[in-house]
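J.: Numbering (this note's numbering), first residue to last: 66 to 161.
Ideal Cβ placement from N, Cα and C applies to all residues, glycine included.
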Amino acid sequence: MKNLEHQTKQAFLFSLAFYCISIISKFFYFEIFPILFSISLLLSLIWVVLVLREIIFSGRISNTERMLLALFIIFFNIVAGLFYFFKFREKVIGKK
């Protein structure tokens with residue numbers, strides 16, 4: 066199966082950027098907010114699916130860790146993404 070490590074992080078960073086831009090546009094009452102927020106939600110869905118794929122196919126973590134990470138990613142989307150990419154990902158994929 067193809068390795069999608071780079072695309073996963075790239076989708077997360079794009080999602081984070083679009084969330085920030087959409088929050089700024091909401092703060093300044095720009096009419097483009099709904100479009101930007103929709104794009105950020107779509108990108109968020111993409112990176113969540115890619116991260117769940119990484120977690121499920123990882124042989125380096127136990128089933129309990131796998132379940133807890135998956136729930137953490139699903140329920141705490143962007144905050145969990147920051148923790149995942151800066152702390153947990155090295156353990157999941159086994160690279161530094």
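Look up isoleucine 139 in the DSSP assignment and say whether it is helix, strand or coil.
T.: It is helical.
J.: Compute the distance between the beta-carbons of isoleucine 86 and leucine 101, then report whether it is under 8 Å.
T.: Yes; because the gap between Cβ atoms is below 8 Å, this pair is in contact.
J.: Kindly indicate which residue of Gly159, Phe140 and Leu134 has the alpha-carbon position closest to the one of tyrosine 244.
T.: An answer regarding residue 244 cannot be provided, because it is not within the stretch 66 to 161 covered by the chain.
J.: Taking the alpha carbon of isoleucine 143 as the reference point, which residue from Ile97, Leu108 and Gly124 has its own alpha carbon closest?
T.: Per the Cα distances, Leu108.
J.: Taking only three categories from DSSP, how would you classify glutamate 96?
T.: Coil.
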